[in-house]
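Line by line, the protein sequences are chains A and B. Just add 8 to the spot in the first sequence (first one is 1) and you have the numbering used here. Just add 8 to the spot in the second sequence (first one is 1) and you have the numbering used here. Each residue gets a CB set at the ideal place from its N, CA and C atoms; glycine is no exception. Keep in mind the model is a prediction, meaning the values are calculated, not measured.
Protein chains: 2
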Amino acid sequence: MSESPSQVISPSKAAARIRAAAVDAFATSGYGGTTTREIAARLDMSPAAMYPHYRSKEELLFAISYEGHTAALDVVRNADLPDESPSTRLQALIGAFASWQATHHAQARVVQYELNALTPEHYRDVVKLRRDITHIVRSVVDAGAASGEFTVPDGEGVTLALMSLCVDICRWFPAGAYTEPKAVADLYAGLAMRLVGAA
Amino acid sequence: MSESPSQVISPSKAAARIRAAAVDAFATSGYGGTTTREIAARLDMSPAAMYPHYRSKEELLFAISYEGHTAALDVVRNADLPDESPSTRLQALIGAFASWQATHHAQARVVQYELNALTPEHYRDVVKLRRDITHIVRSVVDAGAASGEFTVPDGEGVTLALMSLCVDICRWFPAGAYTEPKAVADLYAGLAMRLVGAA
DNA sequence: GCTTATTTTCTAAGCGCTTGCTTATACTGA
DNA sequence: TCAGTATAAGCAAGCGCTTAGAAAATAAGC
């Protein structure tokens, strides 16, 4: 019997430092392009220092990925305002999600782009969380369409585009005039209104 | 004196096969996670077979990256219809660009995500081409805003979003109901109209 | 509160294997 | 005939990970 996914994110301070160093390294050089020695070097530790905390390089990636996905899901969950109008809800949702992607763009990059370096089981654990996030967005899109507040010919397509926009932030942020997460959040909340054809 | 970037894409048939095998490998495992032996194995060749064609793994990546960027730029250039209205132009542009990203999603993935495995010089060569593509989209957005056909509070932000949407296709395509490039092209041409606030 | 016992986390060393790439040499089609 | 393309063999360096044992943190006993 293996431990549950949520137990994988060790609460220890040293483990958190290792994850942070690994995020920077993975975001810069990719998972396959990063050596365990390089992660250790960033912390002035010996190459073996990681192993009491994570049994393998892949398990370290999984901890980062799982932590990132739960954090993003929490942000989206907490941003939702079920009693408000679909327009208000969607703006809050997209603004919060976009802001998280911008603020944590290095972590987001690892989380989004290194998924298929995970073992199949770990991949499945993480995909579940991704589906949860998409589902929240989708339900607000559908609520707006049902109330007539949005004009949405294709809920799946619009949701895909909304998610895609936010997820891609970590690839380009920061750029041009958009160097602050708040600026990206405001831009994307407005564009989301346009995408769903809100009044 | 080094050769010009465009000479790097060898016209030989064997070189093209090597690039194709490398695209699949890089798209699956990332640049750092792919070995030159693995690329050779996909072609049933010896590990040394690549070196008469490309002097290093990085040069192979550059050839793929440069070829992909010029192909995408050509597609966008040829899709533009300078005599038409901004709405027609933007739909043609985004439709063609999105379609290319979907059709060549493996190549696009390497092209978009492995940029910083390139040497600084090679990186600069490629970034020039990226700017050219963005500039074409931007000029159509501005033309529509100038003519009053579009309502665009922030041309930079909208252009950023349009490019981001298209570039991210290679991450998720195919998915759900969107398994054909044409379906993605049509969806995105319509969404582009919404993003620029077209009538 | 101080010592002792226990557990956890680290390092130094290194194992077996793989890496990108080179060399020397043979083959092949124009 | 001969440049271009392939191969077999292999080098120096680097890889993920393991081990043995030192050091440091934590818990227990008095």
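Counting along the chain, phenylalanine 158(A) sits inside no alpha helix (DSSP H), nor does DSSP assign it H or E at all. Of the candidates Val134(B), Ala100(B), Ser172(B), Arg25(B), the residue whose Cα lies closest to the Cα of glycine 198(B) is Ala100(B).
Under the three-state reduction of DSSP, alanine 57(A) is assigned to coil, being neither helix nor strand.
Rounded to the nearest angstrom, the gap between the Cα atoms of leucine 123(A) and tyrosine 39(A) is 10 Å. Going by C-alpha positions, proline 90(A) is about 11 Å away from alanine 151(A). Listed along chain B, the residues sitting closer than 8 Å to arginine 202(A) by beta-carbon distance are Arg202, Leu203, Gly205. Within 10 angstroms of the beta-carbon of serine 95(A) lie 16 or more other beta-carbons, which makes it buried. In the structure shown, the three-state DSSP call for alanine 87(B) is helix.
Where glycine 103(A) is concerned, the enclosing alpha helix (DSSP H) starts and stops at 94-111. Contact check for glutamine 120(A) against valine 175(A) passes: the beta carbons are separated by less than 8 Å. For threonine 36(B), the enclosing alpha helix (DSSP H) starts and ends at 21-37. Between the alpha carbons of asparagine 86(A) and serine 107(B) lies a distance of about 36 Å. Assigned with DSSP and collapsed to three states, alanine 206(A) falls in coil, not helix or strand. With contacts defined as CB atoms closer than 8 Å, phenylalanine 70(B) and leucine 137(B) fail to qualify as a contacting pair.
Taking the Cβ atoms as the reference, arginine 45(B) lies roughly 5 Å from proline 55(B), within the contact range of under 8 Å.
For tryptophan 108(B), no CB of chain A lies under 8 Å from its own CB, so it is not counted at the interface with that chain. Apart from sequence neighbours up to five positions away, the residues of its chain that approach arginine 117(B) with a beta-carbon distance below 6 Å are Ala35, Cys178, ordered along the chain.
For alanine 71(A), the three-state secondary structure derived from DSSP is helix.
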